[in-house]
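Note that UniProt numbering gives residue 21 to position 21 of the sequence shown, counting from 1, and the numbers run on in steps of one.
Here's the structure we're looking at; comments come further down.
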Amino acid sequence: TPNRIVWDSEVKEIILSTNSGQIGVLPNHAPIATAIDIGILRIRLKDQWLTMALMGGFARIGNNEITVLVNDAEKGSDIDPQEAQQTLEIAEASLRKAEGKRQIIEANLALRRARTRVEAINAIS
């Protein structure tokens with residue numbers, strides 16, 4: 001994130017949610033820069049997968065390194081399942097009550113973020 005490093009380690013594979021779909025990144029991947037969508041980042045360390053909820057940003061891949069800069073990131077293992085579920089329910093209720101384009105857009109964004117956090121938890125359980 002702009003405020004802190006969330007992860008810095010060697011990995012076997014990364015799967016990113018980009019604005020044009022998911023991409024897998026393995027060693028010797030072609031250099032690219034891509035926008036990151038709100039979604040799950042999957043990280044494979046040997047035989048174990050870790051997940052993170054990412055809240056949009058961009059990634060740069062090259063020279064067997066990947067740099068991901070996002071607005072916010074949470075490790076799936078750090079997310080409180082009850083709090084995430086409550087936030088999801090509140091976001092769903094807010095969308096149902098939303099009136100006007102701006103409220104609907106903001107409610108949809110909050111719902112996507114809440115769903116991503118719940119998915120990050122479920123992906124590791």
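Idealized CB from N, CA, C, for every residue including glycine.
A Cβ-Cβ contact shorter than 7 Å links A114 with L88.
Annotated as distal: A91 and A73, with beta-carbon spacing of 7 Å or more.
Going by DSSP, K75 is part of the beta strand (DSSP E) stretching over 73 to 75. The continuous alpha helix (DSSP H) containing L88 extends over residues 81 to 97. Under the three-state reduction of DSSP output, L54 falls in the strand class. DSSP places A30 in the coil class of the three-state scheme, outside both helix and strand. A distance below 7 Å between beta-carbons, with the five flanking residues on each side excluded, links T116 to the following residues of its chain, in chain order: I38, G39, I40, A53.
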